[in-house]
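Mapping of the sequence shown onto numbering that gives the first Met the number 0: position 67 corresponds to residue 66, and the numbering continues sequentially without gaps.
All C-beta atoms in this analysis are idealised placements derived from N, C-alpha and C, irrespective of residue type, glycine included.
These figures come from a predicted structure and were not determined experimentally.
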Amino acid sequence: MTTHPERAALLGAIRARPDDDTLRLVYADWLDDRGAGDRDAATAEFIRASCGDRPRRAMPRAAYRWLLGATGANWRRLVPGVLARFGAGSGAGCRRGRAVSCALALPGSGRRYAVAFEFERGFVRAARFCSAHAASVVLDALQDDQPLAHLLIAGVRPERARPLASRLAPARG
Numbered sequence: 000m001t002t003h004p005e006r007a008a009l010l011g012a013i014r015a016r017p018d019d020d021t022l023r024l025v026y027a028d029w030l031d032d033r034g035a036g037d038r039d040a041a042t043a044e045f046i047r048a049s050c051g052d053r054p055r056r057a058m059p060r061a062a063y064r065w066l067l068g069a070t071g072a073n074w075r076r077l078v079p080g081v082l083a084r085f086g087a088g089s090g091a092g093c094r095r096g097r098a099v100s101c102a103l104a105l106p107g108s109g110r111r112y113a114v115a116f117e118f119e120r121g122f123v124r125a126a127r128f129c130s131a132h133a134a135s136v137v138l139d140a141l142q143d144d145q146p147l148a149h150l151l152i153a154g155v156r157p158e159r160a161r162p163l164a165s166r167l168a169p170a171r172g
């Protein structure tokens, strides 16, 4: 994926200073002016709903409401590439407000793998998998949708997860 230099610079700044909401709000403005598609519009909306006057650890109620939206689907707008490629199944649901769990179908496997997207201050903060294989297959689509997301792989030996570390890209989008 070709990255716009300004987008890459803004994402790099956010990655370097993750507690600075001002950078996130500047990025939201940039997305409004130069973003392409619904994912960028959704990211700008979620940043604005998530950042601002609030205690550092709490996500504002407006952000919780935004994630679920009137139809329970706004969170899907933040990961359209992942969902287009792997689906989300009918079991998608919100857990503890800032995480949405769903089951992704991996091509050729005939199985669905659980993933929980954890949201924080305008972005997917992390994607939690129980399978290194599933994380490996989904990683590129996830980084295209959410370049700041971390992978969390539960119950997997470090040697199985290490190969993924070399594929984690710096901020792109």
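- F45 is positioned such that its CB atom lies no closer than 9 angstroms to that of V78.
- Between S49 and Y112, the alpha-carbon positions lie close to 28 angstroms from each other.
- Beta-bridge partners assigned by DSSP to I152: F128.
- For G121 and L10, the gap between their C-alpha atoms comes out near 12 angstroms.
- Ranked by how close their Cα comes to the Cα of A12, the residues L138, V137, L147 have L147 in first place.
- Distance from the CA atom of F128 to the CA atom of A72, rounded to whole angstroms, is 21 angstroms.
- Under the three-state reduction of DSSP, S135 is assigned to helix.
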